[in-house]
Structure formats: C-alpha cells, structure tokens
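Here is the structure we will look at.
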C-alpha cells in the first residue's frame with residue numbers, strides 16, 4: 010500500500026523506514042516495486058542490453074525524491090501493476106540503441122578494447138567514447154595501464170551481435186522469481202493478490218544503468234553512497250570492499266540521476282566527488298566529455314579548477330594539441346564554446362601559461 014504523500018513530506022528517513030517495515034509485517038513483503046535496467050553495452054555496436062531486475066521499497070524511494078511518485082502512477086507508460094516475481098516479459102525489447110548516455114561507465118562493457126590503444130582526440134566517435142578512455146595522444150601524463158574491465162556482477166556472458174533478445178540470467182534462462190508466496194494488497198490497495206502471484210509495481214527504466222540505480226536505492230535506504238574512480242584517473246590501490254558497503258557507481262551517472270529527479274543533496278555529493286578527482290592529467294579530458302558539455306554547473310566546476318592550475322606545465326603542453334583537435338573537428342559539438350568560456354575566465358583573471 011502506498012504511503013500517504015503528506016507523511017512522506019514530513020517524516021524522516023528513519024520514520025519512513027519504520028513505516029515500511031511495519032507494513033511488511035502484514036503484507037508479507039518489504040519490496041513493493043521492481044525495476045528493470047540495462048546492465049551491459051557492446052563495445053563495437055554500442056548496443057545497450059541485458060536488463061536486470063532490482064527490487065525496492067516505494068515509500069523510501071519517494072522519500073528520497075517525491076518526483077519519483079509519477080513513475081509509480083498509472084500515467085507513466087513504462088510502469089504497470091503486475092506479478093512482481095514474473096521474469097522479463099518476452100514481448101519487450103531487451104536492448105536499445107537509444108540509450109541517453111552513451112558514455113555511461115556504469116554499464117559493463119563487452120569485448121572491451123585496451124585503454125592504451127584508443128586515441129580519444131582522433132576518434133570519429135568521440136561522443137560515445139570520451140568518458141571511457143584517456144586520450145593517450147595528448148601525452149597528458151606518463152602512460153599507464155588500467156586493469157581489465159570488471160565482469161558484470163551478474164556473470165552475464167558478453168553480447169554477441171546478431172541476437173535480438175537477452176536473458177536476465179547468465180545461464181540464458183528467464184530471470185528467476187523470488188522465493189515465497191505473497192498474499193497482500195496491490196500498491197494501490199485495490200484488490201487482494203491471487204495466492205500464486207505477488208502483485209507490485211513493475212517499472213522499466215531505460216535511461217539509467219543497473220549499477221547506478223542499485224546505488225541510488227542504497228542511498229534512499231541509508232543516506233550513504235560510494236563513487237568509483239573516473240576512467241580518466243590514474244588507477245590507484247582500492248581498499249577491500251566489505252559485504253555491507255554501498256555499491257560503487259559513477260559520480261557522473263549519479264549526477265544525471267540526481268539532476269533528473271531533483272535530489273539536491275545527492276547531486277552535491279556527486280559534484281564534490283568529481284571535483285575531488287580532477288587532476289592536471291585529466292581536467293581537460295573531463296572538460297570536453299559529453300557529460301560536462303551537458304551540464305553548465307559541471308563546466309563551471311572544471312573551469313575553476315583549470316584556472317587555478319593553468320600555470321602548470323602539464324596543462325600548458327596540452328593546449329596546442331587541443332586547439333589542433335578543435336580545428337580538425339575532432340571534438341564534440343559545444344567544445345568550442347566551453348573552451349572560449351575557459352579563455353575568457355583566464356583573461357579576466359590575468360592567467361597565462
């Protein structure tokens with residue numbers, strides 16, 4: 010049963026959690042909404058695929074963002090009341106070429122290329138790669154090698170071009186139902202569920218990755234989040250993960266989510282993480298990424314960093330190469346404007362190389 014909107018507006022996260030747990034004692038389930046999100050991307054075709062399920066408590070999600078309430082309404086075409094334990098519907102497309110964020114590093118990548126073999130500034134497909142690769146041709150720093158792309162936590166096999174459907178499980182079988190039967194009201198409280206079905210809201214989210222949404226659910230539950238390193242960063246030793254730690258996600262991907270659903274606190278956390286990860290080696294790389302070019306606030310953050318460090322030789326050496334790439338049309342649309350914005354800020358402050 011959906012929590013009353015006035016209660017969600019005034020209650021604390023802890024109080025909403027207590028409400029959800031209390032309700033689950035009589036309904037038999039804590040999770041009353043199921044999401045499907047894409048989890049993988051084919052490196053060659055850029056096809057996004059392999060939808061995976063996530064379960065969550067609607068009240069806690071709506072507490073994190075009231076703007077999510079529409080997602081759970083009848084007016085949202087990608088949402089329906091259905092058997093929450095049913096596998097991914099076979100009539101629904103299990104892949105897309107229209108994913109909103111082609112550079113999403115929260116998607117596990119099939120058949121990944123070696124990072125050192127890719128030249129960002131010479132690529133005709135810069136928009137879909139700039140977040141995933143470091144431009145070695147710019148000699149921004151001493152070359153390094155990255156560890157291999159981690160496997161999907163689902164263990165799903167790589168996508169093979171030519172197939173049109175993808176299972177939600179690694180063994181090619183439909184995604185399994187959760188154990189146990191539920192005899193509860195639907196989220197709208199309309200009617201009793203049949204004893205062999207667990208009615209709930211099923212939502213298909215096609216513009217965020219499985220990993221991003223999982224981290225968001227954890228944040229909605231506990232108010233904490235952990236961000237993965239940027240792909241433009243030099244790899245460093247990572248502390249071992251504990252079983253209860255928040256799932257890692259991209260701060261860029263989470264910033265997109267927080268911006269869309271107007272979660273200001275989460276948006277600030279993501280921006281702070283991005284700011285902290287800027288270095289003289291990756292600041293220009295990030296400035297010309299499709300992500301940065303989409304968000305003026307991120308542009309301002311990175312321009313501020315570059316202004317304060319522009320006198321360093323490692324940054325000055327990059328400028329001629331960037332100007333050449335711009336002249337040859339190898340940068341994304343909008344790069345000229347953001348570069349002009351940087352130079353204007355530098356001139357007004359008397360900065361110079």
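In the numbering used here, the protein residues as written are 10 to 362. Ideal Cβ placement from N, Cα and C applies to all residues, glycine included. Since the structure is predicted, the reported quantities are computational estimates derived from the model, not experimental observations.
Apart from the five residues just before and just after residue i, which ones in its own chain have a Cβ nearer than 6 angstroms to its Cβ?
{"i": "residue 257", "result": "235 and 237"}
{"i": "residue 71", "result": "17, 77 and 78"}
Can you give me the Cβ contacts of residue i inside the same chain, cut-off strictly under 8 angstroms, excluding the 5 residues immediately before and after it?
{"i": "residue 308", "result": "296, 301, 302, 347 and 350"}
{"i": "residue 28", "result": "12, 16, 20 and 68"}
{"i": "residue 335", "result": "344, 345 and 348"}
{"i": "residue 286", "result": "238, 239, 242 and 260"}
{"i": "residue 312", "result": "296, 347, 350, 351 and 354"}
Reducing DSSP to helix, strand and coil, say where residue i ends up.
{"i": "residue 89", "result": "strand"}
{"i": "residue 63", "result": "strand"}
{"i": "residue 233", "result": "coil"}
{"i": "residue 149", "result": "Here the model assigns residue 149 a pLDDT of 36, short of 50, so the residue's position is not dependable, and the following value carries that caveat. Residue state, collapsed to three classes: coil."}
{"i": "residue 257", "result": "strand"}
{"i": "residue 249", "result": "coil"}
{"i": "residue 104", "result": "strand"}
{"i": "residue 322", "result": "helix"}
{"i": "residue 95", "result": "coil"}
{"i": "residue 336", "result": "helix"}
What do you reckon, are the CB atoms on residue i and residue j nearer than 9 angstroms?
{"i": "residue 51", "j": "residue 119", "result": "yes"}
{"i": "residue 12", "j": "residue 229", "result": "no"}
{"i": "residue 368", "j": "residue 87", "result": "No answer is possible for residue 368: it lies beyond the span of the chain, which begins at 10 and ends at 362."}
{"i": "residue 290", "j": "residue 241", "result": "yes"}
{"i": "residue 45", "j": "residue 213", "result": "yes"}
{"i": "residue 59", "j": "residue 114", "result": "no"}
{"i": "residue 95", "j": "residue 211", "result": "yes"}
{"i": "residue 275", "j": "residue 225", "result": "yes"}
{"i": "residue 93", "j": "residue 209", "result": "yes"}
{"i": "residue 220", "j": "residue 117", "result": "yes"}
{"i": "residue 316", "j": "residue 263", "result": "no"}
Use the C-beta contact count for residue i: other C-beta atoms within 10 angstroms, 16 or more gives buried, fewer gives exposed.
{"i": "residue 80", "result": "buried"}
{"i": "residue 353", "result": "exposed"}
{"i": "residue 138", "result": "Reliability fails at residue 138, whose pLDDT of 35 lies under 50, so the model's placement of it is uncertain and the value that follows must be treated cautiously. Burial call: buried."}
{"i": "residue 26", "result": "buried"}
{"i": "residue 357", "result": "exposed"}
{"i": "residue 305", "result": "exposed"}
{"i": "residue 252", "result": "exposed"}
{"i": "residue 223", "result": "buried"}
Could you check where the beta strand (DSSP E) with residue i kicks off and where it finishes?
{"i": "residue 50", "result": "42-51"}
{"i": "residue 210", "result": "208-218"}
Determine the extent of the alpha helix (DSSP H) in which residue i is found, giving its start and end residues.
{"i": "residue 293", "result": "292-296"}
{"i": "residue 23", "result": "22-36"}
{"i": "residue 119", "result": "Not the alpha helix (DSSP H): residue 119 falls in the beta strand (DSSP E), residues 117-119."}
Within the same chain, show all residues whose beta-carbon is closer than 7 angstroms to that of residue i, passing over the 5 residues directly before and after it, in chain order.
{"i": "residue 260", "result": "236, 279, 282 and 283"}
{"i": "residue 89", "result": "211"}
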